[in-house]
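Residue numbers (this note's numbering): 11 to 339. All C-beta atoms, glycine included, are put in the ideal place defined by N, C-alpha and C. Bear in mind that the values here come from a model prediction, so they are computed numbers and not experimental data. Here's the structure we're looking at; comments come further down.
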């Protein structure tokens with residue numbers, strides 16, 4: 011894309027083959043993930059990583075290593091890998107892309123490229139979020155929004171493997187049914203009026219031990235209201251944008267009166283992968299083991315040709331997507 015804006019800013023073009031710098035590898039892309047970060051960057055919304063124009067979107071890929079940059083010893087040509095692409099979480103929506111060798115995972119035998127392509131931003135993120143950031147333990151209760159989506163679908167299943175009770179949030183009856191099929195114990199319409207009361211009723215008035223939040227500032231106060239004492243809220247996105255403000259009364263209840271020892275944490279999987287790689291890779295290893303053992307399957311995958319990238323983002327923007335969307339070059 012040479013400009014930000016609507017779907018029409020995405021153009022399919024021919025570019026030179028990228029050259030891997032020192033520490034990088036060149037990957038022939040078999041599948042590339044589609045994420046809300048790609049939508050935010052296409053629209054020109056505030057984002058924590060620069061988006062210099064012209065820009066090739068795509069933060070996560072799965073494929074085969076075809077060339078190595080200087081000093082790379084952790085992977086070899088011919089290895090099938092998945093992970094974050096580019097220097098700025100970019101370049102993945104292409105036939106060939108570069109990636110930092112240290113940020114790549116081997117694709118386990120029997121795992122498709124389509125499944126692997128969606129693991130980093132949603133699967134690994136959900137695992138790190140629940141295992142490391144939230145410290146979710148057996149017997150606790152967790153609220154998972156967008157539970158029929160990519161990250162939400164993984165979060166439902168990971169929480170169940172960890173022994174938690176899962177209350178899923180989804181905006182339509184079909185998506186609530188899908189969340190229950192993924193293993194959620196309860197499902198509520200978290201976009202409707204009064205949904206915090208429904209969660210409180212399910213928990214007998216206690217609230218949840220862990221709540222994930224992805225809608226944005228306007229919704230944050232409602233999510234705070236479902237936390238139990240010592241509850242942990244993990245905010246990992248702002249699907250509705252940043253224009254609204256956080257309810258000051260909700261924050262006052264957390265920080266000052268009654269100050270029930272609750273924790274609010276902002277989450278970004280890239281920071282974990284780059285600044286706490288040992289913990290992030292350990293959580294990812296547990297996820298891959300559970301997949302190999304059949305303890306979880308992950309959400310539904312929708313595959314589209316690379317040429318349909320604009321349609322893929324429109325699916326996310328409309329809220330009509332179910333599960334994880336990937337592009338096939």
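For residue i and residue j, what's the separation of their Cα atoms in angstroms?
| i | j | result |
| --- | --- | --- |
| residue 257 | residue 238 | 18 Å |
| residue 204 | residue 221 | 16 Å |
| residue 85 | residue 60 | 28 Å |
| residue 141 | residue 218 | 16 Å |
| residue 46 | residue 267 | 35 Å |
| residue 305 | residue 286 | 26 Å |
| residue 111 | residue 213 | 45 Å |
| residue 32 | residue 207 | 54 Å |
| residue 320 | residue 194 | 32 Å |
| residue 175 | residue 233 | 17 Å |
| residue 25 | residue 11 | 12 Å |
| residue 192 | residue 314 | 23 Å |
| residue 178 | residue 77 | 43 Å |
| residue 134 | residue 294 | 5 Å |
| residue 147 | residue 28 | 44 Å |
| residue 166 | residue 276 | 19 Å |
| residue 13 | residue 326 | 20 Å |
| residue 196 | residue 144 | 20 Å |
| residue 100 | residue 107 | 9 Å |
| residue 273 | residue 242 | 5 Å |
| residue 154 | residue 261 | 21 Å |
| residue 64 | residue 216 | 50 Å |
| residue 114 | residue 284 | 11 Å |
| residue 235 | residue 23 | 48 Å |
| residue 15 | residue 316 | 19 Å |
| residue 337 | residue 53 | 19 Å |
| residue 324 | residue 19 | 12 Å |
| residue 82 | residue 288 | 19 Å |
How close, in whole Å, do the beta carbons of residue i and residue j come, if the pair is a contact with beta carbons under 8 Å?
| i | j | result |
| --- | --- | --- |
| residue 297 | residue 137 | 4 Å |
| residue 290 | residue 282 | 4 Å |
| residue 109 | residue 37 | 6 Å |
| residue 30 | residue 79 | 4 Å |
| residue 171 | residue 300 | 6 Å |
For residue i, which beta-bridge partners are listed by DSSP?
| i | result |
| --- | --- |
| residue 153 | 177 and 221 |
| residue 34 | 110 |
| residue 196 | 177 |
| residue 237 | 218 |
Closer than 8 Å by C-beta to residue i: which residues in its own chain qualify, once you throw out the five before and the five after it? Chain order, please.
| i | result |
| --- | --- |
| residue 102 | 39, 42, 43, 66, 67, 68, 69, 70, 71, 95 and 96 |
| residue 329 | 181 |
| residue 98 | 59, 60, 61 and 62 |
Please return the same chain residues whose Cβ sits closer than 7 Å to the Cβ of residue i, not counting the five positions on each side in sequence.
| i | result |
| --- | --- |
| residue 183 | none |
| residue 160 | 128, 132, 309, 333 and 334 |
For residue i, which residues in the same chain have their Cβ closer than 6 Å to its Cβ, ignoring the five residues on either side in sequence?
| i | result |
| --- | --- |
| residue 89 | 75 |
| residue 240 | 271 |
| residue 201 | 181 |
| residue 126 | 72, 92 and 117 |
| residue 302 | 118 |
| residue 139 | 244 and 277 |
| residue 246 | 224 and 277 |
Using 7 Å as the cut-off, classify the Cβ of residue i as near or not near the heavy atoms of the ligand GDP, replying yes or no.
| i | result |
| --- | --- |
| residue 90 | Ligands in the displayed structure: none, and consequently the ligand GDP is not present. |
Point to revise | alpha helix (DSSP H) runs contained entirely in the region 265 to 318, provided each spans 4 or more residues | key: 279 to 285 and 287 to 303
Check your understanding: Which full runs of the beta strand (DSSP E) of 3+ residues lie inside the region 50 to 132, going along the chain?
Key -> 70 to 78, 90 to 94, 106 to 110 and 114 to 116
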